[in-house]
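Per our numbering, the sequence shown starts with residue 24, numbered consecutively. Backbone N, C-alpha and C fix where the C-beta goes; we use that ideal spot for every residue, glycine too. If you're wondering where the values come from, they're calculated on a predicted model, not measured in any experiment. Below is one structure, written out as structure tokens, with a few remarks after it.
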Amino acid sequence: MVDPISVNGEPKRAGLPQARRDPFLLLWKGLSQPLWLVVVGAFLLVLVIVGMAIPQLPGQYANNPAGATRWLLTIRNEYGASGALLDELGLFDLIHSPLIRVGLAILGLLLLVHLGEQLAELLRSRRLPRLLGRPKMAAGDPLSVPATGDVFRSRSAVDIPFARMAELVGARLGDRFDANPSVLVRRTQVTDSSSEDGESEMRWLVQGHAWAYYVRPLLVAGFLLGLAVVWGGINFGWEVTPSPLAPGSEFHFPQRELHLRYAVIGDQESENRQTAALQVELDDATQLLPVGRARNARLNNTSIQMKPEVPGILLESNLPGTLLLPGQQTATDRMGFVFPAAGSEESLLIPDADVGLRLVRLA
Numbered sequence: 024m025v026d027p028i029s030v031n032g033e034p035k036r037a038g039l040p041q042a043r044r045d046p047f048l049l050l051w052k053g054l055s056q057p058l059w060l061v062v063v064g065a066f067l068l069v070l071v072i073v074g075m076a077i078p079q080l081p082g083q084y085a086n087n088p089a090g091a092t093r094w095l096l097t098i099r100n101e102y103g104a105s106g107a108l109l110d111e112l113g114l115f116d117l118i119h120s121p122l123i124r125v126g127l128a129i130l131g132l133l134l135l136v137h138l139g140e141q142l143a144e145l146l147r148s149r150r151l152p153r154l155l156g157r158p159k160m161a162a163g164d165p166l167s168v169p170a171t172g173d174v175f176r177s178r179s180a181v182d183i184p185f186a187r188m189a190e191l192v193g194a195r196l197g198d199r200f201d202a203n204p205s206v207l208v209r210r211t212q213v214t215d216s217s218s219e220d221g222e223s224e225m226r227w228l229v230q231g232h233a234w235a236y237y238v239r240p241l242l243v244a245g246f247l248l249g250l251a252v253v254w255g256g257i258n259f260g261w262e263v264t265p266s267p268l269a270p271g272s273e274f275h276f277p278q279r280e281l282h283l284r285y286a287v288i289g290d291q292e293s294e295n296r297q298t299a300a301l302q303v304e305l306d307d308a309t310q311l312l313p314v315g316r317a318r319n320a321r322l323n324n325t326s327i328q329m330k331p332e333v334p335g336i337l338l339e340s341n342l343p344g345t346l347l348l349p350g351q352q353t354a355t356d357r358m359g360f361v362f363p364a365a366g367s368e369e370s371l372l373i374p375d376a377d378v379g380l381r382l383v384r385l386a
């Protein structure tokens, strides 16, 4: 039969009063259940999917409470009745939402508990071979095996000589494990020198895939390292999402000394040929990124992501001060426009010619 024994090697006896369980051990054992990792991980995954499906507060409003409030009110009205709930949960600003912060903290705690469990199993696997040569104890007493949980043993009475029994056990273990190179079988014979008849016993230890004891802590430690990177990005990172830049327009984010400019550079070899580029200035560093396709770059330990999302147009005049926008007083010779959607339109005045232009993006 198979019955559980405690980690100190003494079997549980019916009728004896049970000692009070340590609440810390109960909490530790509860947190070490893999189910909690699945539940918390699924919860965070749902939050991330929701955050990807709905608009997120642009980073430039982080230090602008008035602008953030206006943006949130606009988005809430667009989503109707569900907009208020999403706003209360902080899902329009997921990176600063208390839900994501609490979820990541709980996930980190669970990973630390699992890392402790894996390290304890590793220590136990390294201690097991030393038990083979321990002196004999009283007849029938099991060895004290270090473990994080209950140990199960199987007892049976066989009326055959000891040598024959050892041969049968050895043959059974050899048939099952010796062919597998990832399984290690150890055995030793311990003789009781204090006994007159010199009783001896054969002890067997079978360890399979011992390398897994070292890989599992590394896997959990890798998850913890990735979680630390995410946590650092949420608390110390920053993100700016400017509106689409028109050719010749600029964007400035003073809190981080970030300056973006949609530059149109003329070709020296051909007057009619021009090159469009995004000029990025961050602190004292500058970089030019060609416009027209998605591009990722790094500048001063900051990631820059550029996407060509909407069409734009650049109008130029050979005469200075020819182009004017409605409502403006100062004319210019270069002006850029963007058209976010079909039907978008812009107006342009040419005062010297008494002409007004209406630019419309067709479907």
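When you compare only the Cα positions, how much space is there between residue i and residue j?
i	j	result
Q352	S370	15 Å
W261	G335	28 Å
W94	V333	21 Å
A422	A65	Since the first residue of the chain shown is 24 and the last is 386, residue 422 is not available in this structure.
P27	P165	Confidence in P27 is poor, its pLDDT being 44 and thus under 50, which makes the residue's placement too unreliable to answer from.
L134	R279	34 Å
P265	D116	16 Å
L70	V229	45 Å
L58	P88	40 Å
M225	I183	14 Å
K52	E111	34 Å
A143	A189	31 Å
I288	A300	8 Å
V181	V192	12 Å
D377	L67	60 Å
V314	Q56	51 Å
Buried or exposed, going by whether 16 or more other CB atoms sit within 10 Å of the CB of residue i?
i	result
H137	buried
Q141	buried
M75	exposed
Y237	exposed
G344	exposed
Using DSSP's beta-bridge definition, name the partner residues of residue i.
i	result
W227	R210
M358	L338
Y285	L301
H275	H282
To which residues of the same chain is residue i closer than 7 Å at the C-beta, ignoring the five residues directly before and after it?
i	result
N31	Summary for N31: the model assigns pLDDT 44, below 50, so the residue's position carries little reliability, and this model does not support an answer.
W254	L127
F360	A269, G335, I336, E369, L382
L155	R209, T211, R226, L228
K330	A317
Could you check what DSSP says for residue i in three-state terms: helix, strand or coil?
i	result
N31	Low local confidence applies: a pLDDT of 44 at N31 is under 50, so the model's placement there is unreliable, with the coordinate-based value given in what follows. Three-state DSSP puts N31 in coil, outside helix and strand.
L80	coil
I183	coil
N87	coil
S105	helix
Q141	helix
V263	coil
R124	helix
P325	Before going further, note that residue 325 is Thr rather than Pro in the sequence given. Of the three classes helix, strand and coil, the one that applies to T325 here is strand, per DSSP.
P152	helix
W309	It should be noted that the sequence gives Thr, not Trp, for residue 309. The answer is strand: DSSP assigns T309 an E or B state.
Suppose the cutoff is 6 Å on Cβ atoms and the five residues either side in sequence are ignored; what does the same chain contact list for residue i look like?
i	result
L347	A354, L372, P374
D356	S340, P343, T345
H232	S205
Here's a check: name, in chain order, each residue in its chain whose Cβ is nearer than 8 Å to the Cβ of residue i, leaving out the five neighbours to either side.
i	result
A427	With the chain represented from 24 up to 386, any question about residue 427 goes unanswered, as that position is not in the structure.
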